[in-house]
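Written below as structure tokens is the structure these notes are about.
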Amino acid sequence: MFHILEKRIAEAISARIQSLYAIEAPVQIEQPKQSSFGELALPAAFQLARQLKKAPKAIAAEIDAAGGAIEGVASMEIAGNGYLNVRLDRGAYGAGVVANAGAVSREVATKIIVEHTNINPNKAAHIGHLRNAVLGDTFVRMLRATGENVEVQNYIDNTGVQVADVVVGFQHLERKSIEEVRSMIHDPAARFDYVCWDVYARMSQYYDEHKDALEWRHATLHSIEAGHGIEAEMAHLVADAIVDAHIATMWRLNIAYDVLPRESEILHLQFWATAFEQLKQRKAIYFEIEGKNKGCWVMPGSAFREGSIEGDDDSKVIVRSNGTVTYVGKDIAYQLWKFGLLGKDFYYRKWHTYPNGHDVWASTDEPQTGAPQFGKGTRVYNVIDTRQSYLQDVVVAGLRALDYNTQADNSIHFNYEMVALSPRTCIEMGIELTEEDKRLPYVQVAGRKGIGVKADDLLDKLIEKALEEVTSRHKEEPEESRRRAATQIAIGALRYFMLKFTRNSVIAFDFAEALSFEGETGPYVQYSAVRARNILRKLAERGETLPDFQAWLQIPTPIGVAPKGTGEGAYPAPYPTDYPAPYPPAYPEAYNIMGRQLAHEDCWQLLLSASKAGSAIERAIASGEPAHLARYAFQLAQSYSNFYHEFPVLSETDLEKKAFLLWMTKYFIEQLEKTLSVLGIEVPEYM
RNA sequence: GCGCUCGUAGCUCAGUCUGGAUAGAGCGCUUCCCUCCGAAGGAAGAGGUCCCGCGUUCGAAUCGCGGCGAGCGCACCA
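This is how it looks when you write it as structure tokens:
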């Protein structure tokens, strides 16, 4: 509804400017600084002031005087130094919202790929990984909410150094046999991902003290690459088990995947060999015959770095002098596959079925039947830490060098800053800090040192605290039900916490802050939905039913776009004049009632805010900031709090008013729940 | 050294892309509000050199240049 008005007003004002000054200008629409200024602000006069050499205020006055009424607009006024502030016609707007005007659905044929999570399968997930997964998952939900077809990929580096190091740790430090590792995996109490966390940290420390131990790593990597030997077997065992652990952890947060492309198949199916041929043929890379990169295939720095001169100083090695490919090389091949440009595909096997019936598939090198089609996207978002910007630039440069410019343009590094730990939280966790560290704003997470907060631990802690809070308020409810509510609250708190910061802000993770359920938090937003639902529940308990407000307003069903303009049809003018309209409304009864009820500021602000859910999602996609949608949810909840305190709905004696307040409550719930579901947050039954 | 990002209230952050109205929110602090649709809430208040300087502009937190301070990158690791 809101975007219809925006468009209509922009067009009308644009036409006025055209006829007044013969200037073709796109009209910008802003939100006024204060709600008392109206609903829309047009800074058009400022832009024209320069061209016309006239005071903005005078121009605004001319534009204001230039035309007749705009449908849906109650008044316009000149404010500040030349703003045109627009007040909407509340009756018309309200009637339009009830009639569900402007609802659109669309079908798309193209596919968007979002790659996120991508955790090394060698230890438990930590809070840094959570930021990645929550950002990625929320962005996926945002895209899907607007009708996009989205495929979620989680890349598994199951053959890399990090997995190898855990294998080395099990063999040489822990002296564990394959059978012992297997039995740990099968014993849920052993918490295999936690075991690996410690083994990895210990092994990293051991390398620091015994450089010759690196031989073990090399031997293990060699075995993994060759695909046989006890090391390779254990590597697969470890990686597969940890992938399962990550899937389980993320599922706790309502995060699921469609496909797991694995590095092992990229190797075995020779993805790189195919990409290598393409890169050589197109001369995107060349064989270096001198300098420090002698004997390597390199991509010149000029390909991916602005202002770089040809020379080997900042060129990037793609194939090492020993003939093995670097990570970036493999990533170029993978990116080509995502766009369907490699001319090769994986085979797939079903990896896991989620409790809701959704399947996640994994790549395999053996032919299988019955798998869906993956890859072949038209746009690709890679949710990756901003520290890898340089490498992502190289990947995109690879596409460009192969003349895949459209795909290069559609390769988006959805970057974000890291999650660190606040010094206070480090101390709480028993991590030793120097005096210098204590004065820093944050301390970096380091998997090699075992410094970090495990995702499952954090979630458990949140659930425990939420359960205390829930129990203190609902002793009468059964344990299972309280635990369910506590879990939903914990997830709401965690997801909101990860989303409230914009992407390029470093999060200094702090337990006290993350465990807070007050103020700008997920639980605050959930609470407003719970309170609204309570009203409807109490209504039913009293034996009353929710009035059919649409029928009350004499708006015909089925829901459709309101007829514009003349109000022809079943509701002839003249309409009652207690809420005068500047033009004949589509639904006179609705127009009157809504106009009357929405005269209350808190009602109007809530309706307006709630009606913007759709455009909030679109704006957040446009800006690439899930944080903006989180903020919208919070503001909508705040708006409801004002409404809630102002209007005791159930005790209202005026029937029209009560019907309106109940409808308002229901509409708010619908819009907030829609927004929360895009944020991946559920609303508990009670809290 | 080069590149990227950041510097806004005591703290944590929005706002900067696209310049415009008295610079916002949450936390913390000070005072209030439960005969209840559960206060995980609400009302009110104190709190700002938008890092500094110069420039562009009718107008700069926002754009440009130069400083200062902080972080992150710049492997034949991933």
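In the numbering used here, the protein residues as written are 4 to 690. Idealized CB from N, CA, C, for every residue including glycine.
Could you give the first and the last residue of the continuous beta strand (DSSP E) run that contains residue i?
| i | result |
| --- | --- |
| residue 45 | 43-45 |
| residue 351 | 350-356 |
| residue 184 | It is not in any beta strand (DSSP E) - residue 184 instead sits in the alpha helix (DSSP H) that spans 181-189. |
| residue 91 | 86-91 |
| residue 114 | 114-118 |
Considering residue i, what are the terminal residues of the alpha helix (DSSP H) in which it resides?
| i | result |
| --- | --- |
| residue 609 | 604-614 |
| residue 166 | 164-171 |
| residue 257 | Premise fails: residue 257 is in no alpha helix (DSSP H) and is neither H nor E. |
| residue 145 | 130-148 |
| residue 288 | First-last for residue 288: undefined, no H or E at that position. |
| residue 528 | 525-544 |
Looking at C-alpha atoms only, which residue of the options is the closest neighbour of residue i?
| i | options | result |
| --- | --- | --- |
| residue 324 | 300, 39, 16 | 300 |
| residue 243 | 21, 678, 543, 355 | 355 |
| residue 369 | 351, 167, 548, 492 | 351 |
| residue 488 | 499, 506, 475, 469 | 469 |
| residue 526 | 497, 546, 542 | 497 |
| residue 381 | 374, 398, 414 | 414 |
| residue 142 | 385, 87, 81 | 385 |
| residue 139 | 418, 4, 359, 485 | 418 |
| residue 545 | 537, 297, 374 | 537 |
| residue 166 | 200, 593, 117 | 200 |
| residue 439 | 431, 433, 283, 426 | 426 |
| residue 665 | 27, 94, 101, 68 | 101 |
| residue 240 | 33, 182, 213, 264 | 182 |
| residue 33 | 14, 26, 9 | 9 |
| residue 508 | 548, 229, 453, 421 | 421 |
| residue 393 | 318, 423, 211 | 318 |
| residue 402 | 630, 328, 336 | 336 |
| residue 455 | 675, 128, 117 | 128 |
| residue 26 | 48, 670, 250 | 48 |
| residue 298 | 670, 599, 288 | 288 |
| residue 416 | 353, 463, 334 | 334 |
| residue 277 | 82, 295, 332, 366 | 332 |
Under the DSSP definition of a beta bridge, which residues are partnered with residue i?
| i | result |
| --- | --- |
| residue 449 | 454 |
| residue 510 | 422 |
| residue 159 | 265 |
| residue 96 | According to DSSP, residue 96 bridges with nothing at all. |
| residue 596 | For residue 596, which the question treats as bridged, DSSP gives no partner whatsoever. |
| residue 320 | 301 |
| residue 365 | 263, 352 |
| residue 78 | 90 |
| residue 382 | 115 |
| residue 239 | Answer is none; residue 239 lacks a bridge partner. |
| residue 516 | DSSP, once it has assigned bridges, lists no residue as partnering residue 516. |
| residue 152 | 114 |
| residue 387 | 418 |
| residue 328 | 322 |
Rounded to a whole number of angstroms, what is the C-alpha to C-alpha distance between residue i and residue j?
| i | j | result |
| --- | --- | --- |
| residue 612 | residue 642 | 7 Å |
| residue 595 | residue 601 | 10 Å |
| residue 157 | residue 450 | 20 Å |
| residue 115 | residue 150 | 11 Å |
| residue 96 | residue 75 | 7 Å |
| residue 279 | residue 257 | 38 Å |
| residue 57 | residue 46 | 14 Å |
| residue 247 | residue 39 | 54 Å |
| residue 673 | residue 661 | 18 Å |
| residue 120 | residue 273 | 24 Å |
| residue 12 | residue 73 | 7 Å |
| residue 453 | residue 645 | 46 Å |
| residue 176 | residue 232 | 19 Å |
| residue 678 | residue 260 | 21 Å |
| residue 338 | residue 379 | 10 Å |
| residue 192 | residue 37 | 56 Å |
| residue 637 | residue 524 | 8 Å |
| residue 78 | residue 98 | 18 Å |
Beta carbon of residue i: closer than 8 Å to some heavy atom of the ligand GTP?
| i | result |
| --- | --- |
| residue 130 | Among the components of this structure there are no ligands whatsoever, and the ligand GTP is therefore not found. |
Legend entry - the region 457-472 / the region 438-449 touching (three or more Cβ pairs under 8 Å): Too few Cβ pairs lie closer than 8 Å, so no.
Inset, instruction - Taking 8 Å as the threshold, find out whether the region 219-239 comes into contact with the region 642-651 through three or more Cβ pairs. - result: A contact is defined here as three or more CB-CB pairs under 8 Å, and the region 219-239 fails this definition with respect to the region 642-651.
Legend entry - Cβ contact check for the region 123-133 and the region 12-31: 3 or more pairs under 8 Å: no
Inset, instruction - Flag this pair as touching only if the region 326-344 and the region 399-413 have three or more C-beta atom pairs under 8 Å; answer yes or no. - result: Touching, yes.
Inset, instruction - Could you tell me whether the region 477-484 touches the region 503-517, using the rule of 3 or more Cβ pairs below 8 Å? - result: no
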